[in-house]
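**Q** One rule links them: number in this note's numbering = place in the sequence shown (from 1) + 43.
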Amino acid sequence: LKNMVSSGRRWLREQQHRRWQLHCLKLQPLSPVPSDIEISRGQTPKAVAVLAKEIGLLADEIETYGKSKAKVRLSLLERLKDQADGKYVIVAGITPTPLGEGKSTVTIGLVQALTAHMNVNSFACLRQPSQGPTFGVKGGAAGGGYAQVIPMEEFNLHLTGDIHAITAANNLLAAAIDTRILHENTQTDKALYNRLVPLVNGVREFSEIQLARLKKLGINKTDPSALTEEEVSKFARLNIDPSTITWQRVVDTNDRFLRKITIGQASTEKGCSRQAQFDIAVASEIMAVLALTDSLADMKERLGRMVVASDKNGQPVTAEDLGVTGALTVLMKDAIKPNLMQTLEGTPVFVHAGPFANIAHGNSSVLADKIALKLVGEEGFVVTEAGFGADIGMEKFFNIKCRASGLVPNAVVLVATVRALKMHGGGPLSATVTNGLP
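Have a look at this one:
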């Protein structure tokens, strides 16, 4: 028995503190250099289950999506809680041109150099790209040349469906807002209350989320039949002011004709029409929540605190007030798990979350970074990327992401290009940006 215990402890130590036995994929550079998509398709990725095993993940800690990508379960953090973190490196860039300056390419190239050529454990952590920029002038975000995440199509498009989950959760909340306004406009206090707290087997009971709302309103009662008429009205009505609604519907496509629309025109909506708009999916606050959360419970709390409008007295109305926090969390239960992929040379990459920096904080998820720091070990490196320019993405990395995660970087890599310097330095005609030219 003593030998078994010693053997188990030795195995655990080996899992926590070891250099990966990684089978790296060989590159075969061509001249002239082919297009990015040709390079990506010219390399056959190894099975993601093999990559997961090579970097110390257990079979029950991954959920594979096909052969080239997988979700990593958060239980890994508990298993490796005593493991020392690796070195933390942030890659940022000069204020970019519309075509991008190569932060992702540098990030991927750096981890390929560290792991495939120097035999050092390293992990890249990247944002998941939106389909909007992917189909626009900027293009995808999988890197470029011989420093890419593969398969490129999987990376740039649906991946494992995280953005679709955000779209579903966001639009569920948007629908709940307008539906609540409709019912409050067309029903009495008593009818609303009876629907919110229905009789089940002859008994009315408040749900957990309703008890939280009562507490917020200062009503210290748990028996639904004990509320006064005034308390019933206060509980049942949110009195949302439609002109203050800030929560918009989203779609992950550049569709300019959805920027301003009129909703509620069907006769069944009883005149509750209003002007609204669609945003791009990654602009949803739910994406920002996903990127900052550190557990399912934390995500649920953050989702509940999201402010969607004001009531007619000017008080904020939250997702928790609408009673949809649980539903939003269930829709996001798989999206919270980081996505594992690989570079052209077969080194590991986490692709998780992709909030914009101009409206959110522009960085990949805290969870991906934390898991990667455990997996690389004390002597390894995690290279994460700050989106947009250093004046916004890197600033928000320090001021928002680091404060939320408690992590502090060991080094900063700044990507600067002649092209961007010319464009932003007041050159001739602001130095017209031409693809492929400095």
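Note that CB positions come from ideal geometry on N, CA and C, so glycine has one too.
Remember, it's a predicted structure, so these values are computed and weren't measured experimentally.
Determine contact between the stretch 134-152 and the stretch 168-181, defined as no fewer than three beta-carbon pairs at a distance below 8 Å.
**A** Yes: at least three Cβ pairs fall under 8 Å.
**Q** Could you tell me whether the stretch 364-382 touches the stretch 204-222, using the rule of 3 or more Cβ pairs below 8 Å?
**A** yes
**Q** Let's test the definition: count the other Cβ atoms within 10 Å of the Cβ of Phe300 and tell me whether it reaches 16, buried, or not, exposed.
**A** exposed
**Q** Counting pairs of beta carbons, one from the stretch 382-393 and one from the stretch 361-369, are three or more of them closer than 8 Å?
**A** no
**Q** With a threshold of 8 Å, are at least 3 pairs of Cβ atoms found where one atom belongs to the stretch 263-283 and the other to the stretch 311-329?
**A** Short answer: they don't touch.
**Q** With a 10 Å radius around its C-beta and 16 neighbouring C-beta atoms as the bar for buried, classify Glu81 as buried or exposed.
**A** exposed
**Q** Cα separation between Leu335 and Thr222?
**A** So the alpha carbons of these two residues sit roughly 29 Å apart.
**Q** Run through the stretch 284-349 for me and flag every whole beta strand (DSSP E) of 3 or more residues, listed as ranges in chain order.
**A** The beta strand (DSSP E) runs of length 3 or more contained entirely in the stretch 284-349 are, from start to end of the chain, 292-294, 304-306, 317-319 and 321-323.
**Q** Over what stretch of residues does the beta strand (DSSP E) that includes Ser268 continue unbroken?
**A** Ser268 -> no beta strand (DSSP E), and no H or E assigned at all.
**Q** What is the rounded straight-line gap between the Cα of Ile443 and the Cα of Met437?
**A** 10 Å
**Q** CB-CB under 6 Å to Lys130, same chain, minus the five flanking residues each way: which ones, in chain order?
**A** Phe424 and Asn453
**Q** Is the CB-CB distance between Phe279 and Leu239 below 9 Å?
**A** The sequence shown places Ala at residue 279, rather than the Phe named in the question. Contact flag set, yes.
**Q** Would Met47 be called buried (16 or more neighbouring beta carbons within 10 Å of its own) or exposed?
**A** exposed
**Q** How about Gln71 and Gly85: do their beta carbons lie closer than 9 Å?
**A** yes
**Q** Rounded to a whole number of angstroms, what is the C-alpha to C-alpha distance between Val246 and Glu104?
**A** 43 Å
**Q** Please classify Leu410 as buried or exposed, where buried requires at least 16 other C-beta atoms within 10 Å of its C-beta.
**A** buried
**Q** Pull up the distance between the alpha-carbon of Ala156 and that of Leu44, whole angstroms please.
**A** 44 Å
**Q** Residues in its own chain within less than 7 Å of Leu472 by CB, not counting five upstream and five downstream?
**A** Summary for Leu472: the model assigns pLDDT 49, below 50, so the residue's position carries little reliability, and this model does not support an answer.
**Q** I need the boundaries of the alpha helix (DSSP H) containing Lys110, first residue and last residue.
**A** Neither: Lys110 is in no alpha helix (DSSP H) and is coded neither H nor E.
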